[in-house]
Amino acid sequence: MRWKVIQRVWSVAVTVVILWSSYLATGAAPSRELVVNAYGGEYEAIIKSTIIEPFERKYGVRVIYDGTGSASADFARIRATRGDPGWDVVVMTAPESLLGCQLGLLERLGEDRVPNQRFIFHEARKAAGPCGAVQELQYMSLFYNTKRVVPPPTSWRVLWDPKYKGRVIVPDIGNILAVYLLFMAAYMNGGDQYNLDPGWAQIPSLRDNALAVIESSSDMVPYFEREQAWLLPYWDGRAHYYKNKGLPMDFLIPKEGSILLVNTLNVPIGAKSKDLAYEFVNFWLSREMQEKWALAYTVGTARVDLKLPDEHRRRHVTSLEQFKVLKFPDFLYIAQKRSEWAERWKRIMVR
Amino acid sequence: MFAPIVVVLLASINSSQYFQFPPSGLSLRWYRAVFTPEWMGPASFSFVLATVSAALATLLGSLGAFAVVRYRFRGREALAALLESPIGVPSIVLGVALLQFFSIAGAKSLIGFPALLLAHTVETVPFVTRTAYVSLVGIDRSLELAAMNLGARPWQTLRSVTLPLIKPGLFAGGAFAFVVSFNNVNLSLFLVRPGQITLPIRIMNFLEFGTAPVLAAVNILSLSVIILVFATAERVGGFTQFIYGR
Amino acid sequence: MRLNLVSAWRATLRGKVPLLPSHLIVAVPPTLYLLILFVIPLLFLLSVSFLRQEAGLIVNELTFENYRKLLTDRFYVRIIYRTLLMSLFVATAVTTLSYPVAYFLTRTRSRWKPLLLGLALAPELSGVVLRTYGWLVILEPDGLLNGLLMRTGFVKTPIRLVHNYVGVAIGLSHVLLTFGIFTVMASLQGVDPMLELAAQNLGANRWRTFMHVTLPLSLPGVVGSFFLTFAVAAGAYATPAILGGKTVEVLSTFIYSQLLYILNWPLASAASVILVLMVVGTLLLLNRLGGRRSFVL
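Which chain is which? The protein sequence lines are A, B and C, in order. To convert, count from 1 in the first sequence and add 59; that's my numbering. Quick note on numbering: my numbering labels position 22 of the second sequence as 3, and the sequence is numbered without any gaps. To convert, count from 1 in the third sequence and add 90; that's my numbering.
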């Protein structure tokens, strides 16, 4: 008899525990939290120590960090959820920032909400659109293994060179690097961003020369770390980071030039903690944080008044003049054509 | 057959930063890395999800099996087919259907734990139904008759005679449902939301950023969880009886 | 039997008759649950597949365009074809490989049986993602397999086993092997060893016993196992995504990218319907060939 009672009490207790844990698991969140979606992999540690933790300390809040998803994946989620993806702040790029703003899925980030916007280059602000804040600038560089590619390459055509067959990483269309590579292929063969057919003609042979076609920049890392891949297009910031880590690699801009990447901070309209989100964006754009960030993540910046070492300025875009030298694509055009290009790309890539 | 597992296991005690075989040194640092919120979060989320959905599936599955075995009514065949059918539909299709259904029916806020719970239960009901069915069919009805002859009311007979007899089958189905839910990927792909991610999806996202031995440690730990669950199911429900057969 | 609502209600109040027939109490919850959360969403999916996508929004216009696209454009037809072929291959490989193992596990009387069973089950517990990751490491150009092959001189340059359909087939076969073993075991367990003994008593040797008694009796279960493996392989996402990379596309990876990246939900739905039809069609075909039901229940 007693055993039955015990059993009953036990099952009730277990049920309660299960229900309680499921309630907790649904993320019944305490207040004053900010959900940020940004870089994953190794960069997660950098952003956490440089930006996130100081922000948490200064404002006494908790930041929930999500490192998953490329800019296009994040944007797709924002669209699928009609502006309520679950994040308060998300790092994307200019094309997503512009299109998202046009579709009414992102909040405007003017000087009223983000005072530090007034320190950002006018051109950069225009590129990001009214709903974006530019926290860094990068460009597509040619990243190569200094031991294996001797002498250093001078042209983008080296990616097609049969000498390096199976040693090249080709970014997949989901990564904007692929778009930029397509643009460069067009430029080099008599076309331009509005006439891409000369570029498309080069893609099949690029695929054949590739070791792998990879979407996420972070996913490319093991291949060059283990020296399986010797050549790839890569962002200057990340390339510099790995060079600093001691890898036998270096990055440069080939003679045909390169294309600028405008990274943006955006706040979806469905964000739960909007005021905190604007504070966060403003914080990241502050002089102190921009200087720290530029050096920690080894990237260029869009803020005019920073104190940075000359060596850094030489390799990354930190001034208006440099900004103008590199090609500046039509970001809205990129956003609008993206899915059409994705389908065309798939048809070539899938065997 | 065990090669991939062995490989992963060796990686978990490797001291080097990224994956190397044969291992270059020994270290437990990857196990320390696992006991952080970024892994324990999804791990406990998956655990709770699997437990609750297995419980719910056991409830629904056993009810369904009971109805099919013990009663004769119009639509009995249809019910039997319905209970089996989630197996025939690829889970990815079910995930797509549910995502669209919740979004368009205005129940977007359910995406996350609630949607996952509902979806996993649908997916695992057939497993429990099967094991419950086999158990029920194998019961000696005369035992129940004997109990009722001795004065037990139907509800009492159910509780004291039938249920204990089918316990192994229920626990087998429940344990299986737990594993299916815990390790599930396809169904969960579309129904997770930031902050409410299952362990397998978290692992897959992590893999996007290259490989790291910490995953191997995660593997060992999730294996231990499952073995623990099986051991508990065996202790409480004795489900290996079920597997061995009469 | 006509239902007289009034008298039934009166009888209930008097406590003579339960409000609901007991079989309904039992049958209703699971039925309702599956109807609302399984049948209806699938019907929904079917209806969305007949709509169109335009500039990011779904247009309420019935159209066959999605199906036309998927079934006539060579690019998509190839994806469907590849999915079908790969799943058939995997199902065959798994069923063939698991039969001997299942036979041994069922018939063995060794003391180690529980341990062996546990070992056979163990890989399944690791989850598909991690096992696939293990294969990635083994099959890579710099991986274990190639390393072994090159060291022993079988090949001069590494064979490409990842980021192509071969690697996916290998990985998927392994992932589903445990599943196949246990399903075949279930049917083998149903074959009464007495029958085998009887055949041997009548003079049949072991081979004949197997061919004429054991195999035919276990065949329905084997066919069932083949079908289940096929169904899971056709719908698999993680293994093709991880081992196949961006140059491999099967229906499930296609559906995934359409749903989450390209955001063309109608097209994704149509592809999902085609996937279901592929699976169901195979089931019907197998049933036809088998002549009896290959499913338990």
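All residues carry an ideal CB built from backbone N, CA and C; glycine is no exception.
Bounding residues of the beta strand (DSSP E) (the contiguous stretch that carries residue i)
i: Trp294 of chain A; result: 290 to 294
i: Phe310 of chain A; result: 308 to 311
i: Met279 of chain A; result: Neither: Met279 of chain A is in no beta strand (DSSP E) and is coded neither H nor E.
i: Asn175 of chain A; result: Careful: Asn175 of chain A lies outside any beta strand (DSSP E) and carries neither H nor E.
i: Ala271 of chain A; result: 269 to 273
i: Tyr223 of chain A; result: Note, Tyr223 of chain A: premise wrong, no beta strand (DSSP E); not H, not E.
i: Thr152 of chain A; result: 148 to 152
i: Ile123 of chain A; result: 121 to 125
Beta-carbon neighbours of residue i, restricted to chain C and to distances below 8 Å
i: Ile273 of chain A; result: Gly335, Lys336
i: Asn167 of chain B; result: Gly325, Ala326, Tyr327, Ala328, Ser342
Which of helix, strand or coil DSSP assigns to residue i
i: Tyr198 of chain A; result: strand
i: Gly261 of chain C; result: helix
i: Tyr255 of chain C; result: helix
i: Gln261 of chain A; result: coil
i: Gly393 of chain C; result: Outside the displayed span of chain C (91 to 387) sits residue 393 of chain C, for which this structure offers no information.
i: Ala96 of chain B; result: helix
i: Ala192 of chain A; result: strand
i: Glu54 of chain A; result: Since the first residue of chain A shown is 60 and the last is 410, residue 54 of chain A is not available in this structure.
i: Leu320 of chain A; result: strand
i: Asn248 of chain A; result: coil
i: Gly359 of chain A; result: strand
i: Leu165 of chain A; result: strand
i: Gln279 of chain C; result: helix
heavy atom of the ligand MN below 8 Å from residue i C-beta
i: Lys302 of chain A; result: You won't find the ligand MN in this model; it holds no ligand whatsoever.
CA-to-CA distance, residue j to residue i, given in whole angstroms
i: Tyr223 of chain A; j: Ser277 of chain A; result: 22 Å
i: Glu284 of chain A; j: Tyr102 of chain A; result: 16 Å
i: Ile352 of chain C; j: Ser315 of chain C; result: 35 Å
i: Leu139 of chain B; j: Gly150 of chain B; result: 15 Å
i: Met21 of chain B; j: Leu146 of chain B; result: 37 Å
i: Gln349 of chain A; j: Tyr327 of chain C; result: 41 Å
i: Trp47 of chain C; j: Lys302 of chain A; result: Nothing about residue 47 of chain C can be reported from this structure: the residues present for chain C run from 91 to 387 only.
i: Gly145 of chain A; j: Phe390 of chain A; result: 25 Å
i: Tyr392 of chain A; j: Ile328 of chain A; result: 23 Å
i: Leu267 of chain C; j: Val184 of chain C; result: 6 Å
i: Asp171 of chain A; j: Asn322 of chain A; result: 21 Å
i: Leu319 of chain A; j: Tyr198 of chain A; result: 4 Å
i: Arg378 of chain C; j: Leu292 of chain C; result: 33 Å
i: Leu80 of chain B; j: Pro175 of chain B; result: 15 Å
i: Gly154 of chain B; j: Ala210 of chain C; result: 18 Å
i: Asp163 of chain C; j: Phe28 of chain B; result: 44 Å
Under 7 Å by beta carbon: chain A residues contacting residue i
i: Ile352 of chain C; result: Ser398, Ala401
i: Arg174 of chain B; result: Gly145
i: Asn186 of chain B; result: Thr127
Chain A residues whose Cβ lies nearer than 9 Å to that of residue i
i: His264 of chain C; result: Going along chain A, no residue has its Cβ under 9 Å from His264 of chain C, so there is no contact; the nearest lies around 22 Å.
Beta-carbon neighbours of residue i, restricted to chain C and to distances below 9 Å
i: Gln244 of chain B; result: For residue 244 of chain B there is no data in the structure shown, the boundaries of chain B being -18 and 227.
i: Met247 of chain A; result: Result: empty, since nearest Cβ-Cβ is about 23 Å, beyond 9 Å.
i: Gln287 of chain A; result: Glu230, Pro231, Asp232
Endpoints, alpha helix (DSSP H) assigned at residue i
i: Glu399 of chain A; result: 390 to 408
i: Asn164 of chain B; result: Asn164 of chain B -> no alpha helix (DSSP H), and no H or E assigned at all.
i: Leu136 of chain C; result: 130 to 138
i: Trp136 of chain B; result: 135 to 138
i: Asn236 of chain C; result: 234 to 241
i: Ala46 of chain B; result: 18 to 51
i: Pro310 of chain C; result: 305 to 325
i: Lys181 of chain A; result: Rather than Lys, the amino acid found at residue 181 of chain A in this sequence is His. Looking at the DSSP string, the run of the alpha helix (DSSP H) that includes His181 of chain A is 181 to 187.
i: Lys117 of chain A; result: 112 to 118
i: Lys386 of chain A; result: Note, Lys386 of chain A: premise wrong, no alpha helix (DSSP H); not H, not E.
i: Val191 of chain C; result: 164 to 197
Partner residues on chain B for residue i, Cβ-Cβ distance less than 9 Å
i: Thr140 of chain A; result: Ser84, Lys89, Ile92, Arg174
i: Val94 of chain A; result: Pro175, Gly176
Neighbouring residues, chain B, relative to residue i (Cβ below 7 Å)
i: Leu127 of chain C; result: Leu99, Val103
Check your understanding: Got a sec: which bits of the segment 113 to 138 of chain A sit with their beta carbon under 8 Å from any beta carbon on chain C, in order along the chain?
Key -> Ser131, Ala132, Ala135, Arg136, Arg138
Exercise for review: Return the residues of the segment 382 to 402 of chain A that lie within a Cβ-Cβ distance of less than 8 Å from chain C, sorted by chain order.
Suggested key: Ser398, Ala401, Glu402
- prompt: Of all the residues that make up the segment 284 to 307 of chain C, which are near chain B by a beta-carbon distance shorter than 9 Å?
  reply: none
For the segment 58 to 69 of chain B, list every residue whose C-beta sits within 8 Å of some C-beta in chain C, in sequence order. Leu60, Ala61, Leu63, Leu64, Glu65, Ser66, Pro67, Ile68, Gly69
Q) In chain order, what residues of the segment 161 to 179 of chain C put their CB closer than 7 Å to some CB of chain A? A) Phe165
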